[in-house]
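Enquirer:
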Amino acid sequence: MKPSEIFDVAGKSALIAGASGAFGAVAARALAEAGCRLTLAAGNAAALDAVAAECRELGAAVATANARPDSEERVDSIVGKAVEAHGRLDILVVASGMNKVAKIEEMAPDTFTGVMDANVTQSWLLARAATRQMKTQGGGGKIVLVSSARGLLGHPAGYTAYCASKAAVDGIVKALGCELGPTGITVNAIAPTVFRSPLTTWMFEDAPEAVAVRDGFLTRVPKGRLGEPEDLAGPLLFLASRASDFYTGHILYADGGYTAG
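Per the numbering used here, the very first residue in the sequence shown carries number -17; after that it's consecutive.
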């Protein structure tokens, strides 16, 4: 098979949850340019509409669901929207999530469980709903979750909730990779380190504090730079296409070598 064929996702129905975020928007544009039919879900209506408009300009058929995947009913509705719009679901990308930073003695239990719900429970609910749909329609499918280098490594600045949540996402990926192996549904995760986003833009600036933090961090990144959202497009296309049919239960670190050392 030609390389251009094994990476071909044209005509596939792809659902992206968290489509208005930094990675979700990159995923939406990348899959739109690759010819997917899209269903974009996000809680921020204005940002969702903006991403949808970009993808339509790229020639994609786009349906939207202005909802967060924070309950079984909403998740079923979001997946149902994708099937209603495009007849099936071939690719799920879960790019939604959150982080709340606080030292453990200062973190409220509700903060901890809120991060776990957003990063773990919502990923699990979406993977469950997508699995049910993909099994019903047959033909396998691709589930791509978003983890983090912090699922493998700790952090001293009050990341107990975030690190625990991303380690749990890794566990879901590995368990589902084993469980769904015979079905043709692959389950993998992309795990970035610091990437440019609304939450990390300050680290890319030239202010003395930003330079100090960035330079300190980059001493541990072999590639010598922070990540750009576009660095996630290639791994996503691999995990969403036939090129990764023999890969499941994997955590793909998009980190410039950070976790290698």
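From the three backbone atoms N, C-alpha and C, an ideal C-beta is built for every residue, glycine too.
To the nearest whole angstrom, what separates the beta carbons of residue 195 and residue 147, a pair I think is in contact under 8 Å?
Expert: As a working mapping, residue 195 is identified with position 213 in the sequence shown. As a working mapping, residue 147 is identified with position 165 in the sequence shown. Contact flag wrong, Cβ pair sits at about 23 Å.
Enquirer: Starting from residue 63, follow the alpha helix (DSSP H) in both directions and report where the run begins and ends.
Expert: Here the question's residue 63 lines up with position 81 in the sequence shown. 54 to 68 is the extent of the alpha helix (DSSP H) around residue 63.
Enquirer: Look up residue 228 in the DSSP assignment and say whether it is helix, strand or coil.
Expert: Along the sequence shown, one-based indexing puts residue 228 at 246. DSSP places residue 228 in coil when its eight states are reduced to three.
Enquirer: Going by C-alpha distance, which of 63, 88, 99 is nearest residue 80?
Expert: Numbered from 1 along the sequence shown, position 98 holds the residue referred to as residue 80. Answer by Cα proximity: 99.
Enquirer: At what residues does the beta strand (DSSP E) containing residue -5 begin and finish?
Expert: Walking along the sequence shown from the start, residue -5 turns up at place 13. Where residue -5 is concerned, the enclosing beta strand (DSSP E) stretches over -5 to -1.
Enquirer: Within this structure, are the beta carbons of residue -2 and residue 109 separated by less than 8 Å?
Expert: The sequence position of residue -2 within the sequence shown is 16, counting from 1. The sequence position of residue 109 within the sequence shown is 127, counting from 1. Against a cut-off of 8 Å, the Cβ pair of residue 109 and residue -2 comes out as no contact.
Enquirer: What residue from 152, 189, 187, 240 has the CA that sits closest to residue 233's CA?
Expert: Residue mapping note: residue 233 aligns to position 251 of the sequence shown, counting from 1. Nearest of 152, 189, 187, 240 to residue 233, Cα basis: 152.
Enquirer: Taking Cβ positions, are residue 13 and residue 225 nearer each other than 8 Å?
Expert: Looking up residue 13 in the sequence shown gives position 31. Looking up residue 225 in the sequence shown gives position 243. No, the pair does not count as a contact, with Cβ atoms beyond the cut-off.
Enquirer: Contact between the stretch 57 to 76 and the stretch 113 to 121 is defined here as three or more beta-carbon pairs at a separation below 8 Å; is this criterion met?
Expert: Taking 8 Å as the limit for Cβ pairs, the verdict is that the stretch 113 to 121 does touch the stretch 57 to 76.
Enquirer: Find out if the Cβ-Cβ distance for the pair residue 169, residue 216 is shorter than 8 Å.
Expert: The residue given as residue 169 occupies position 187 in the sequence shown. The residue given as residue 216 occupies position 234 in the sequence shown. No, the pair does not count as a contact, with Cβ atoms beyond the cut-off.
Enquirer: State yes or no: is the C-beta of residue 244 within less than 8 Å of the C-beta of residue 213?
Expert: This structure gives no information on residue 244, because the portion of the chain shown stretches from -17 to 243.
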